[in-house]
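Numbering (the working numbering), first residue to last: 66 to 222. All residues carry an ideal CB built from backbone N, CA and C; glycine is no exception. What follows is a set of notes on a single structure, which appears directly below.
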């Protein structure tokens, strides 16, 4: 009887095991006074069904939204999206200039070296809680020969 129960429990837990892998997650550090930040990561779907992130949440900000960037009339615009689809057997990268999780109305500055915890909710009801490091990141720029003290004045999200 014990053996049968163990097999039944193992089978149930196998069905509940997630086939979504989240790697390389990080959150952008913010200087004091900057009210917003973003999280980036790689989401891999090893299932045979399309999956979609439909919501994100965290206690670090007043609002957490799914966003992307797009060229509109020659200008790069950022806007909210209802979902981020992760096609079956594929990987989607959330990266600067593309899809990302947006933290709006931060309750405190995000300091490099600390961590942020946030949760992604998928269309099928599954949730994934991620604890990601906060990093100082200058996207798309060569850091070696730049004077960082002058850069913060011209940066916009």
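Residues near residue 169 in its chain [Cβ-Cβ closer than 8 angstroms; skip 5 each side]: In the chain shown, counting from the first residue as 1, residue 169 sits at position 104. Contacts found: 100, 101, 126, 127, 128, 129 and 130.
Residue from 192, 200, 181 and 199 whose Cα sits closest to the Cα of residue 86: Along the chain shown, one-based indexing puts residue 86 at 21. The residue among 192, 200, 181 and 199 with its C-alpha nearest the C-alpha of residue 86 is 192.
Own chain residues within Cβ distance below 6 angstroms of residue 202, not counting five before or after: As a first step, residue 202 must be located in the chain shown, where it is residue number 137. Annotation for residue 202: 93 place their beta carbon closer than 6 angstroms to its own, counting only its chain and skipping 5 residues before and after.
Collapsed DSSP secondary structure at residue 191 in the structure displayed: Locating residue 191 in the chain shown gives position 126, counting from the first residue. Three-state result, residue 191: coil.
One or two residues paired with residue 155 in a DSSP bridge: As a position in the chain shown, residue 155 is number 90, starting the count at 1. None; residue 155 has no bridge partner.
Nonlocal neighbours in the same chain, by C-beta distance under 8 angstroms from residue 139, ignoring five residues either side: Position 74 of the chain shown, counting from 1, holds the residue named residue 139. Excluding the 5 residues flanking it on each side, residue 139 has no same chain C-beta neighbour closer than 8 angstroms.
Assigned exposure category for residue 180 - 16 Cβ within 10 Å defines buried: Residue 180 sits at position 115 when you count from the first residue of the chain shown. The residue in question, residue 180, is exposed, as its Cβ has fewer than 16 Cβ neighbours within 10 Å.
Of the listed residues 151, 184 and 141, nearest to residue 161 (C-alpha basis): The residue given as residue 161 occupies position 96 in the chain shown. Among 151, 184 and 141, the Cα nearest to that of residue 161 belongs to 141.
Segment limits, beta strand (DSSP E) that includes residue 130: To locate residue 130, count along the chain shown from 1; it is residue 65. That run of the beta strand (DSSP E) goes 126–137.
Beta-carbon proximity check, residue 156 vs residue 107, cutoff 8 angstroms: By one-based count along the chain shown, residue 156 stands at place 91. By one-based count along the chain shown, residue 107 stands at place 42. In this structure, residue 107 lies closer than 8 angstroms to residue 156 by Cβ.
Own chain partners of residue 163 with C-beta closer than 7 angstroms, once the 5 adjacent residues on each side are dropped: As a position in the chain shown, residue 163 is number 98, starting the count at 1. Only residues of its own chain outside the window of five on either side were considered, and among them 133 and 134 have a CB closer than 7 angstroms to the CB of residue 163, listed in chain order.
Extent of the continuous beta strand (DSSP E) to which residue 165 belongs: The sequence position of residue 165 within the chain shown is 100, counting from 1. 165–171 is the extent of the beta strand (DSSP E) around residue 165.
As assigned by DSSP and simplified to three states, the class of residue 114: Working through the chain shown from its first residue, we reach residue 114 at position 49. The three-state secondary structure of residue 114, taken from DSSP, is coil.
Residue burial classification, residue 123 (beta-carbon count within 10 angstroms, cutoff 16): Residue 123 sits at position 58 when you count from the first residue of the chain shown. Residue 123 is buried by the Cβ-count criterion.
Residue 154 vs residue 88 beta-carbon contact at 8 angstroms: Here the question's residue 154 lines up with position 89 in the chain shown. Here the question's residue 88 lines up with position 23 in the chain shown. Going by C-beta atoms, residue 154 is not nearer than 8 angstroms to residue 88.
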